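When you line the sequence shown up against this note's numbering, it's residues -9 to 61, in that order.
These notes are about the structure you will find just below.
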Amino acid sequence: MGLFQLAALHLKQPEPDLAAARLAIDTMGGLLAAAGDRLGEDGETLREALTEAQRAFVARSDAAAPTAGQD
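Structure follows, in structure tokens:
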């Protein structure tokens, strides 16, 4: 869960470090894909954590993006 916590740390900052969060999330996804079914029951929990991190990333990315018409 260290990568999940690292992504959360970067996303919770007042000015989130989206590049660092994306790297942690992508790394977690790659590890889960490479491990496949070898994680057993823990695999489902880790995949759920990955999905949660991805959703948080999208939410923070949307919030950080400038809206149309703003200078």
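Ideal Cβ placement from N, Cα and C applies to all residues, glycine included.
On a predicted model such as this, the values are computed, not experimentally measured, just so you know.
Does residue i come out as helix, strand or coil in the three-state DSSP assignment?
i     : result
Gly30 : coil
Asp52 : helix
Glu42 : helix
Beta carbon of residue i, beta carbon of residue j: below 9 Å?
i    : j     : result
Glu5 : Ala43 : no
Would you mind reading off the limits of the alpha helix (DSSP H) that contains residue i?
i       : result
Gln(-5) : -8 to 1
Asp16   : 8 to 25
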